[in-house]
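Peer 1: Each residue of the sequence shown is one higher than the one before, counting from 353 in the numbering used here.
Ideal Cβ positions, reconstructed from N, Cα and C, are used throughout, including at glycine.
The structure that follows is given in the form of structure tokens.
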Amino acid sequence: MRCFNLLTADEAGFVLSSELVLLGTLGVIGATVGLSAAARSVNEELTELAFAFRSLDQSYHVEGTRSCRAWTAGSEFIQQDKEESIAELCASIEADEEILEQQLLDTERRLDELRRERDRELNERKSPDAPKGSKKSADGEKPRKKSKGEKEPRNEA
């Protein structure tokens, strides 16, 4: 009994456990926030890089040559105006973000459905099941057994 009283008075283990739980929680939250910020920064940098590549003028013109017996064709490409192209790129990015948001919402809905289904199955497993062979009535109660002389009630509908 004396040993049990000493164990109940000892709080050093409890304090240490609480500190570890608190530090672990803060570490996980910090890592999650840090990774989220890093992912957002990488996306922004890649967007800026795409805009920078687009800002380079890639238009060209090569004259064809002609001599007495042979000739070569010329070639030309005139790039779309930079502002129009960047506006198209921004619209494309926004459309992709909307698609991703919709996919995320669909995934979250499906995940919620799966969780509800799992919880329902767990509740069915945890609830005391009736012995095999007995059936429950529509209101969820087990049917009452009849005595030898008792007749079944009539359903007059």
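(1) Please name the residue or residues paired with Ser512 in a DSSP beta bridge.
(2) Quick one: what does DSSP say Ser407 is sitting in, helix, strand or coil?
(3) Can you confirm whether the segment 447 to 456 touches the segment 409 to 418 when touching is taken to mean that 3 or more C-beta pairs between the two stretches lie within less than 8 Å?
(4) Could you work out which residue in Ala391, Lys478, Leu466 and Glu435 is closest to Ala404 when comparing CA atoms only?
(5) Compute the Euclidean distance between the alpha carbons of Leu372 and Ala361, then round it to the nearest angstrom.
(6) Does Lys487 come out as helix, strand or coil in the three-state DSSP assignment?
(7) Rounded C-beta distance between Ser437 and Arg406? I'm assuming under 8 Å.
(8) Just to confirm, are Asp409 and Gln432 a CB contact at a threshold of 8 Å?
(9) For the putative contact between Glu402 and Leu441, defined by C-beta atoms under 8 Å, what is the C-beta separation to the nearest angstrom?
(10) Apart from the five residues on each side of it in sequence, which residues of its chain come closer than 8 Å, Cβ to Cβ, to Arg421?
(11) Could you give the distance in angstroms between the alpha-carbon of Gly376 and the alpha-carbon of Arg462?
(12) In angstroms with no decimal places, state the Cα-to-Cα distance between Ser369 and Arg470.
(13) How far does the alpha helix (DSSP H) with Cys420 in it extend, from its first residue to its last?
(14) Between Glu428 and the rest of its own chain, which residues show a CB-CB distance below 6 Å, the 5 nearest in sequence each way excluded?
Peer 2: By the coordinates alone:
(1) The structure shown has nothing for residue 512, since the chain only spans 353 to 509.
(2) Working through the sequence shown from its first residue, we reach residue 407 at position 55. Correct three-state label for Ser407: helix.
(3) Taking 8 Å as the limit for Cβ pairs, the verdict is that the segment 447 to 456 does not touch the segment 409 to 418.
(4) In the sequence shown, residue 404 corresponds to position 52, counting from 1. If we check each option's Cα against that of Ala404, Glu435 comes out closest.
(5) Position 20 of the sequence shown holds residue 372. Position 9 of the sequence shown holds residue 361. C-alpha separation (whole angstroms): 20 Å.
(6) As a first step, residue 487 must be located in the sequence shown, where it is residue number 135. For Lys487, the predicted model reports a pLDDT of 49, less than 50, meaning its position is unreliable; a value from the coordinates is still stated below. Shown here, Lys487 sits in coil according to DSSP, grouped into three states, outside any helix or strand.
(7) In the sequence shown, the residue the question calls residue 437 occupies position 85. In the sequence shown, the residue the question calls residue 406 occupies position 54. By a beta-carbon distance limit of 8 Å, Ser437 contacts Arg406. Their separation comes to about 5 Å.
(8) The residue you call residue 409 lines up with position 57 of the sequence shown. The residue you call residue 432 lines up with position 80 of the sequence shown. Taking 8 Å as the Cβ cut-off, Asp409 and Gln432 do not qualify as a contacting pair.
(9) Here residue 402 refers to the residue found at position 50 of the sequence shown. Here residue 441 refers to the residue found at position 89 of the sequence shown. Rather than Glu, the amino acid found at residue 402 in this sequence is Ala. Confirmed, about 6 Å.
(10) Against the sequence shown, residue 421 aligns to sequence position 69. For Arg421, where only same-chain residues beyond five positions count, there are no Cβ hits under 8 Å.
(11) Against the sequence shown, residue 376 aligns to sequence position 24. Against the sequence shown, residue 462 aligns to sequence position 110. A direct Cα-to-Cα measurement between Gly376 and Arg462 gives close to 30 Å.
(12) The residue you call residue 369 lines up with position 17 of the sequence shown. The residue you call residue 470 lines up with position 118 of the sequence shown. Ser369 and Arg470: Cα-Cα distance of roughly 31 Å.
(13) What you label residue 420 is simply residue 68 of the sequence shown in a count that begins at 1. For Cys420, no alpha helix (DSSP H) encloses it, and the DSSP letter there is neither H nor E.
(14) In the sequence shown, counting from the first residue as 1, residue 428 sits at position 76. For Glu428, same chain residues with a beta-carbon under 6 Å away, outside a window of 5 residues either side, are His413 in chain order.
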